[in-house]
Amino acid sequence: MAGAPRRVLATFGNGDCGRLGHSLTELGCEEVPRLVRALLGTPPATAVAAGGAHTAALDGSGTVYTWGLNDKGQLGHDREDMEVGLPAEVPLPERCVALAAGYFHTLCLGESGSVWAFGCNGKGQLGLGKDVVLVREPRMVKALQGTKVVAVAAGMEHSLALTDSGEVYSWGHAEHGRLGHGRAGAVPRLFGTSIEFKPRLIRAFEALRIAQISAGQMHSAAVSSAGDLFMWGYGKFHQLGFGNDEDVEIPTPLPPLKGSTAGVACGFLHTLALEYGGGVQAWGANQNGVLGLGHEKEQQPRRPTRVRGLSDVRQISAGWKHNAAVTDSGLLYTWGWGGSQGSAYSFEGKTGTGGQLGHGNEFDYWSPHHVEWLALGETDMAKQHHEDGSLAWKVVQAACGMNHTAAIIELGTEVSIPS
């Protein structure tokens, strides 16, 4: 029967490796958001992050749960299971307040301002030093002791941390300038690449106060307290927005969005920016319509371009080739790659490879489309909507991974969860 409004976690998209959290016996794709039932008895979720093939969730008690692929220890459970199909608690020594998921690593922010890392350190992305290759349980990033970190971001092979004084530290793979330190300082590696094995302060921000950070595949971004957007790293696909395909090794302001940026999300080869007024700008590679420009052809805007059909947006997330936006009223919009057969890796014996847009199919969507249904077993679909057609549930936060999506959802009193 219906009760008071409550928050739940839902996942959808590719179910390989157990990344959706529905057990290892249910590895097929989910084409509409499905509740992670194993978390229904825990305090309401407050944050969620989606990585390469794993997911991490934070509940109201400060406890972190992870599930999915664990080949590099990215789940932090201190066990060697290659795949974990149900949420399992991460043994952290303090309450967690934020988290980030990279391709093969995970970062957790403790309430004391400390950073805990686990997973692959092959490119230094854990910040634990050059002698560490892989960590299967949380380990403190000691190089950040003495600072109070308030936000973390995890890219494919690099990481960022934002302090309470507005400073930014970066570490991991420095190729293409994604760490923002220029050419000096990183440890030289074979073939001209370099690695920062421990967090290093980005000097370009010394006279500024940064308010938000984001890390993509090989590029990074930051928003200042004044609303200026800074970009750096790999630029071949115009994901930096400067009108060319050159790499940028030091954080550089993006003129078109000066003073107007409220948030930023770096995807694989593209970038999204959230404006103060709730609009969204996109630029970079437009594979499978990931930029949401509504054109049934490959376009690659060299500079920020307005995504039509979105307004009053308060949160954005960028995945490999799909995106999500949450509005002030709790509506969830998704667009880009739907993960249809033939456009993604297929897994023998498993049904489907996508559905990460949540629209009940595996099609690509070239413009933002509203997610309208939840998978609630035998629950009458009509009960998910009010008489005026509006939804009886709203989305609090969404996170896009490689080809899956996770969302924190607040169910209205009309919506019951079948036992």
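Each residue of the sequence shown is one higher than the one before, starting from 1 at the first, in the UniProt record's numbering.
Beta carbons: idealized from backbone N, C-alpha and C, even for Gly.
Pair within 8 Å by beta-carbon distance, residue i and residue j
i           : j    : result
residue 438 : W283 : What the structure shows of the chain is the stretch from 1 to 419, and residue 438 is not part of that stretch, so it cannot be assessed.
E362        : E137 : no
G358        : F12  : yes
L40         : V8   : yes
A215        : G127 : no
P87         : W67  : yes
R314        : G278 : yes
G51         : A98  : no
E196        : G180 : no
R19         : T42  : no
T413        : Q356 : no
L272        : I202 : no
G73         : V132 : no
A324        : C266 : no
L24         : G85  : yes
Which listed residue (the options) has its alpha carbon closest to that of residue i
i    : options                : result
G227 : S194, G41, G259, G339  : G259
K148 : Y169, M231, E410       : Y169
Q299 : A285, S311, L310       : A285
Q212 : A56, D164, H404        : D164
R178 : F205, P199, Q217       : Q217
V90  : E410, V64, R200, E80   : V64
P33  : W373, L99, W232, V132  : W373
V326 : L274, W171, G51, S194  : L274
F242 : F197, T305, A153       : T305
Q145 : G124, E175, H176, R200 : R200
L75  : V36, T46, C120, G389   : C120
CB-CB length for residue i against residue j, believed under 8 Å
i    : j    : result
V307 : P368 : 7 Å
V395 : L332 : 4 Å
A10  : I409 : 5 Å
C17  : L69  : 4 Å
Exposure label - residue i; buried when at least 16 CB within 10 Å
i    : result
M82  : exposed
Y234 : buried
K130 : exposed
R209 : exposed
Y365 : buried
Q287 : buried
S224 : buried
P95  : Sequence inspection shows Arg at residue 95; the Pro mentioned does not correspond to that position. With fewer than 16 Cβ atoms within 10 Å of its Cβ, R95 is classed as exposed.
P251 : buried
S112 : exposed
T334 : buried
G349 : With a pLDDT of only 43 at G349, under the threshold of 50, the placement of this residue in the model should not be trusted, and no figure is reported.
P93  : exposed
H270 : buried
Proximity test, residue i beta-carbon vs the ligand FAD heavy atom, cut-off 7 Å
i    : result
D131 : For the structure depicted, the ligand FAD is absent and the ligand set is empty, with no information on it obtainable.
**Segments assigned alpha helix (DSSP H), at least 4 residues, entirely inside the stretch 61-135** = none
**Prompt:** Quick one: complete beta strand (DSSP E) runs, 3+ long, within the stretch 10-46?
**Reply:** For secondary structure counted as the beta strand (DSSP E) over 3 or more consecutive residues, the stretch 10-46 holds these complete runs in sequence order: 30-35.
**Request:** Scan the UniProt repeat "RCC1" (227-277) and note each continuous beta strand (DSSP E) run of 3 residues or more that stays entirely inside, going in chain order.
**Result:** 229-233, 248-253, 261-266, 270-275
**Request:** Return the chain-ordered ranges of every beta strand (DSSP E) run that is complete within the UniProt repeat "RCC1" (166-226) and spans a minimum of 3 residues.
**Result:** 168-173, 194-201, 210-215, 219-224
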